[in-house]
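A short write-up of the structure that comes next.
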Amino acid sequence: VTPRTIFSGIQPTGIPHLGNYLGALSNWVKLQNENPQDKLIFSIVGWHALTLPQNPKELSASRRDMLAALLAIGIDPKRSIVFHQDSNAMHTELAWILSCITPTGKLRRMTSWKTRLAESRNANDESEVDESLLNAGLLTYPVLQAADILLYQATHVPVGEDQRQHLELSRDIADSFNRTFKGSSRMFPLPTALITPAKRILSLKDPSSKMSKSAVDPASRILLTDSAAQITAKVRAAVTDSIASGVTYDPAARPGTSNLLAILAACADEDVEQVAERCAGMSHGELKAEVASAIDILVARPRAEFHRIRADPGFLDQVARDGATAAREVSTRVMVQVRARIGL
Ligand code: ADP
Ligand code: NA
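In the UniProt record's numbering, the protein residues as written are 39 to 382.
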């Protein structure tokens, strides 16, 4: 196997919830532990968070929480480079260079931008978009994302289906740079998406939407640090249905019940149909007890690790410093070449 350079990022959103863990972060740990030849680079992308309003105090705490959480779930700084994006200014330098070879039309075609535009349409006049509500970062952050990846000459990027378009843009930008600034060898590999198997966890309170940190009701999500009692209480209060007494997997007709089965399957790394079969004779109460117990078993170690690590700020600072040094070492070599090619 050819060694790969794998890059992935996550925003400093604080303690991850079960959706973040099952849908994205657990896959990072899997990748790290699977192929000893792969180079892995995991970044907490603070600059991306600034595209939305942030409370500075909360952002600072969330940034530390996310680093502690990555270590707690098993990201090993001896094996992977784990660092804060905002501790390596070369991300913004490369983003600027790449933005100057990226047509604005391409950025305006991003689904993420179109969604923002739609949200800012005048309620009375649909044709009127108030762009004064949209900061420039919302338009250009896909270029920063490309810089995050290309700065380390990453070859593979684990992403969800929703990020496919952004990765496609990163490939386009890499290709465009390679053609515009030819050298003795190709500057940037075209990064390949490693599409994470879809494990979409839904809100416990509103199973028509995904589990999210931004939902108002904190009981709609389970955090990696929730105690056994908190997990039990949240799962017990989860919305199900009274369509049938037993348990069946039917996401369309029984989204709440099916979500619990999906969580159970994901926690045990089992097939959901198989889990549904095993649980068919259960009441909702019995299913919920089973789900709460499976979640507790899954998070027990990360939870304990998180508390241990978060109580040791010196250790956390050291990991952040070492990660930044390692990241800058790789990107310095790349930027020396980039600058030479563009003539600066
Ligand atoms: P949130 O929706 O809580 O704001 P983010 O948008 O910050 O979460 O997502 C961070 C990562 O976690 C992304 O890779 C995203 O795909 C994944 N993720 C977020 N919510 C879920 C969910 N409910 N189920 C599965 N994966 C999720
Ligand atoms: Na979100």
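Every residue, glycine too, gets a C-beta built ideally from N, C-alpha and C.
Minimum C-alpha distance to residue i - residue among the options
i, options, result
"leucine 132", "His122, Leu108, Leu188, Ser170", "Leu188"
"threonine 178", "Thr230, Ala87, Lys237, Ala110", "Ala87"
"arginine 238", "Leu69, Asp124, Asp200", "Asp200"
"residue 383", "Ser331, Cys305, Ser214", "Beyond the ends of the chain as shown, which are 39 and 382, falls residue 383; an answer cannot be given."
"glycine 361", "Gly57, Ala62, Asn126", "Asn126"
"arginine 338", "Ala107, Lys243, Trp85", "Residue 338 is actually alanine in this sequence, not arginine. If we check each option's Cα against that of alanine 338, Ala107 comes out closest."
"serine 170", "Leu155, Asp163, Pro180, Gln183", "Leu155"
"isoleucine 380", "Thr234, Pro340, Arg217, Leu325", "Arg217"
"proline 180", "Gln75, Thr89, Val313", "Thr89"
"aspartate 334", "Ser246, Ile281, Val273, Gln203", "Val273"
"leucine 93", "Gly52, Leu109, Ile135", "The sequence given here has asparagine at residue 93, not leucine. The candidate whose alpha carbon is nearest that of asparagine 93 is Gly52."
"valine 285", "Ser321, Ala271, Val277, Ala276", "Ser321"
"serine 241", "Val254, Glu324, Ser283", "Val254"
"residue 13", "Tyr59, Leu63, Ser118", "Because residue 13 is not part of the residues shown, which for the chain are 39 to 382, the question remains open."
"threonine 43", "Leu172, Lys243, Asp186, Thr140", "Asp186"
"threonine 140", "Leu182, Thr40, Arg366", "Leu182"
"arginine 292", "Glu157, Val277, Leu207", "Val277"
"proline 340", "His55, Ile48, Pro41, Pro50", "His55"
"asparagine 173", "Ser64, Pro235, Pro91, Leu97", "Pro91"
"leucine 176", "Asn160, Met128, Asp163, His204", "His204"
"arginine 377", "Met249, Lys220, Ala257, Pro235", "Lys220"
"cysteine 138", "Lys251, Ile211, Val357, Thr363", "Ile211"
"alanine 236", "Asp163, Tyr59, His129", "Tyr59"
"aspartate 279", "Met128, Ala257, Val372, Gly294", "Gly294"
"lysine 77", "Ala358, Lys95, Gln49, Thr40", "Thr40"
"methionine 373", "Ser98, Pro50, Leu136, Lys95", "Leu136"
"glutamate 367", "Ser98, Met128, Asp355", "Met128"
"glutamate 96", "Ser165, Trp134, Asn162, Pro50", "Pro50"
"glycine 57", "Thr270, Ser283, Thr234", "Thr234"
"alanine 61", "Ala290, Asp355, Gly198", "Position check: residue 61 holds glycine in this sequence, whereas alanine was assumed. The shortest Cα separation from glycine 61 among Ala290, Asp355, Gly198 belongs to Gly198."
"lysine 144", "Thr363, Glu206, Glu308, Asn162", "Glu206"
"alanine 98", "Asp355, Leu382, Gln375, Lys152", "One detail in the question is off: residue 98 reads as serine in this sequence, not alanine. Comparing Cα positions, the closest option is Asp355."
"valine 329", "Ile48, Ala275, Asp213, Thr142", "Ala275"
"glutamine 375", "Asp307, Met225, Arg316, Ala290", "Met225"
"serine 283", "Ser252, Gln312, Gly323", "Gly323"
Contact belief for residue i with residue j at Cβ below 8 Å, rounded distance in angstroms
i, j, result
"valine 310", "alanine 303", "4 Å"
"serine 369", "tyrosine 190", "6 Å"
"tryptophan 66", "aspartate 124", "Contact doesn't hold; Cβ gap of about 20 Å is too wide."
"cysteine 305", "leucine 336", "5 Å"
"isoleucine 347", "leucine 63", "With 8 Å as the limit, isoleucine 347 and leucine 63 do not qualify as a contact, their Cβ atoms being about 15 Å apart."
"serine 250", "arginine 259", "7 Å"
"phenylalanine 215", "alanine 365", "That pair is no contact at about 20 Å."
"alanine 327", "tyrosine 287", "The pair is not a contact, with the Cβ atoms about 18 Å apart (cut-off 8 Å)."
"proline 223", "alanine 184", "The sequence shown places serine at residue 223, not proline. That pair is no contact at about 20 Å."
"alanine 257", "lysine 248", "At roughly 15 Å, the Cβ-Cβ gap does not stay under 8 Å, so alanine 257 and lysine 248 are not in contact."
"aspartate 168", "asparagine 160", "6 Å"
Bridge partner(s) assigned by DSSP for residue i
i, result
"isoleucine 48", "Ile82"
"valine 195", "Ala231"
"threonine 153", "Looking at the DSSP assignment, threonine 153 forms no beta bridge with any residue, so it has no partner."
"valine 167", "Arg159"
"threonine 43", "Lys77"
Heavy atom of the ligand PLP within 8 Å of residue i beta-carbon
i, result
"lysine 220", "Of the ligands one can find in the structure shown, namely the ligand ADP and the ligand NA, none is the ligand PLP."
At least three beta-carbon pairs within less than 8 Å, the stretch 137 to 149 to the stretch 98 to 114: no
Contact the stretch 80 to 95 vs the stretch 192 to 211: 3+ CB pairs below 8 Å: no
Complete beta strand (DSSP E) runs within the stretch 51 to 136 (minimum length 3 residues, chain order): 77 to 82, 119 to 122
Within the stretch 201 to 275, ranges of the alpha helix (DSSP H) (whole runs, at least 4 residues): 202 to 218, 266 to 274
Three CB pairs or more closer than 8 Å across the stretch 228 to 237 and the stretch 248 to 267: no
Cβ pair count under 8 Å reaching 3, the stretch 346 to 354 against the stretch 284 to 300: no
Three or more C-beta pairs below 8 Å linking the stretch 69 to 78 and the stretch 112 to 130: yes
Residue ranges of each beta strand (DSSP E) within the stretch 281 to 327, 3 or longer: none
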